[in-house]
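Just so you know, we're using our numbering here: the sequence shown kicks off at 544 and counts up by one.
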Amino acid sequence: MNLLNLVSYFSDPGFCRTSCDPTFELLSEPEEICDSPPVTEKFDATQPIAAPAIHTQRLTQWQYRGAVSHTLGWYYNLFTDWLPTDSSTGTIPSNESYDLPTAEYARYAKTAAFVAAQIMAQEQTKLDAIFACTDGNNHSCAKTFITERGKRIFRRPLTDEEINAYLEIYEIGAEGSFKEGMQYVIEALLQSPDFLYQIEIGPVDSAEETRLSGLEIATRLSFFLHQQPPSLALLDAAIAGELDEDSGVSEWVDTLLADVGQARWGIQQFILRWLRMDDEHAVEKDPELYP
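As structure tokens, this is what we get:
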């Protein structure tokens, strides 16, 4: 769901979102938000357009859980009951197939509404730690949250256009209260393709080969070695260009592995899923080897 759709989704009182309709199944969208935007330039269909190679894959259920836990401070162990089933490349869950039916995408909308409601239902001390409002619960605090916490959720800095769009969503909810406004924001962030997908559009080098950007490498490294999104330190290093060279990538691999507890857990989870040992229902005992 793009920004235009998200804003319309929260602003139209005719929409009953997942949080208010437990029987919600599909995302119904009014025709006007599905229309093409106004055309400002004449489009010549006879001219070829060089489109960049784009690689995308949805977060696996494990990655989704780790992303929510490490960016929003709320852990939930039963996302498998809510999210679409993972697809695999060989035996490893990867979700490289991004042809997701609308009915399956509705699962993400319902999960986002559930997560946002659960987070905002926490005791005030936990909410204070998440939002860190130094000047009170207001528009400024919402903007800080969207800018700083959104950076970790999207695994990249947000543009001014994106920040303003999520602030618009906040204002819609804030007509009720600050908490409701922030619940709308969290729900919207967790429905964005920029959260749900790893999107890779790396630059093309002089040899006409596509190299992952620093932020894309940071995302791959962190999800592989730690099973969570990049830390702020790793994101800032990527933005500063530290991952643009192989030597910088190698240094950050060493740094991530030096966090022994997190690295051991992350690699353990990869092996468990690779061998399908994380699902006892998929493991069959060989009666000849183990009578």
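Note that CB positions come from ideal geometry on N, CA and C, so glycine has one too.
Alpha carbon of Met835 to alpha carbon of Gly804, nearest angstrom
Lying before the first or after the last residue shown, residue 835 is absent from the chain, which here runs from 544 to 834.
How should Gly609 be labelled, buried or exposed, when 16 other C-beta atoms within 10 angstroms of its C-beta is the threshold for buried?
Against the sequence shown, residue 609 aligns to sequence position 66. The residue is buried, with at least 16 neighbouring Cβ atoms inside 10 Å.
To test your reading of the DSSP string, which unbroken alpha helix (DSSP H) runs of 4 or more residues are found completely within the region 610-680?
645-663, 667-674
Would you give the residue range spanned by the alpha helix (DSSP H) that Thr798 belongs to?
Start at 1 with the first residue of the sequence shown, and residue 798 comes out as number 255. 789-801 is the span of the alpha helix (DSSP H), which, as asked, contains Thr798.
Given Glu743 as reference, the closest of Leu732, Leu755, Pro736 once Cα atoms are compared:
Position 200 of the sequence shown, counted from the first residue, corresponds to residue 743. The residue with the shortest Cα to Cα distance from Glu743 is Leu755.
Quick test of your reading: Gly616 and Ile673, contact by CB under 8 Å. State the CB separation rounded to the nearest angstrom.
As a first step, residue 616 is located in the sequence shown; it is residue number 73 there, counting from the start. As a first step, residue 673 is located in the sequence shown; it is residue number 130 there, counting from the start. Gly616 to Ile673, Cβ: 6 Å. Contact.
Which listed residue (Asp789, Arg816, Leu764) has its alpha carbon closest to that of Leu800
Translated into the one-based positions of the sequence shown, residue 800 becomes position 257. Checking every option, the nearest Cα to that of Leu800 belongs to Leu764.
The alpha helix (DSSP H) enclosing Tyr713, as first and last residue numbers
The residue given as residue 713 occupies position 170 in the sequence shown. Its alpha helix (DSSP H) spans residues 703-717.
Can you look up Glu743 in the DSSP assignment and give me helix, strand or coil?
What you label residue 743 is simply residue 200 of the sequence shown in a count that begins at 1. Correct three-state label for Glu743: strand.
Start and end residues, alpha helix (DSSP H) containing Arg698
Residue 698 sits at position 155 when you count from the first residue of the sequence shown. First-last for Arg698: undefined, no H or E at that position.
In its own chain, which residues sit with a C-beta less than 7 Å from the C-beta of Val550, not counting the 5 before and 5 after it?
Taking the sequence shown and counting its residues from 1, one reaches residue 550 at position 7. Ala708, Glu711, Ile712.
To the nearest angstrom, report how far apart Met725 and Trp625 are at their CA atoms.
By 1-based counting over the sequence shown, the position of residue 725 is 182. By 1-based counting over the sequence shown, the position of residue 625 is 82. Going by the C-alpha atoms only, they are around 22 Å apart.
Got a sec? Which residues, its chain only, sit under 8 Å from Phe586 by beta carbon, not counting five neighbours each side?
To locate residue 586, count along the sequence shown from 1; it is residue 43. Here the model assigns Phe586 a pLDDT of 49, short of 50, so the residue's position is not dependable and the matter cannot be decided.
Beta-carbon spacing of Thr690, Cys676 below 9 Å
The sequence position of residue 690 within the sequence shown is 147, counting from 1. The sequence position of residue 676 within the sequence shown is 133, counting from 1. Against a cut-off of 9 Å, the Cβ pair of Cys676 and Thr690 comes out as no contact.
Name the DSSP beta bridge partners of His598, please?
Here residue 598 refers to the residue found at position 55 of the sequence shown. Answer is Glu743.
Just to confirm my understanding: we take Tyr607, look at its own chain, exclude 5 residues before and 5 after, and list those with CB closer than 7 Å. What are they?
In the sequence shown, residue 607 corresponds to position 64, counting from 1. Phe622, Leu626.
What does the alpha-carbon distance come out to for the pair Ser774 and Pro834?
What you label residue 774 is simply residue 231 of the sequence shown in a count that begins at 1. What you label residue 834 is simply residue 291 of the sequence shown in a count that begins at 1. C-alpha separation (whole angstroms): 47 Å.
What's the C-alpha gap between Ser612 and Gln741?
Translated into the one-based positions of the sequence shown, residue 612 becomes position 69. Translated into the one-based positions of the sequence shown, residue 741 becomes position 198. Each residue's Cα considered, the two are about 17 Å apart.
For Tyr552, does the three-state DSSP call read helix, strand or coil?
Here residue 552 refers to the residue found at position 9 of the sequence shown. Looking at Tyr552 - three-state DSSP - the assignment turns out to be helix.
Assign His682 to one of three DSSP states: helix, strand, or coil.
Here residue 682 refers to the residue found at position 139 of the sequence shown. Helix at His682.
At least 3 beta-carbon pairs within less than 8 Å: the region 697-704 vs the region 656-670
no
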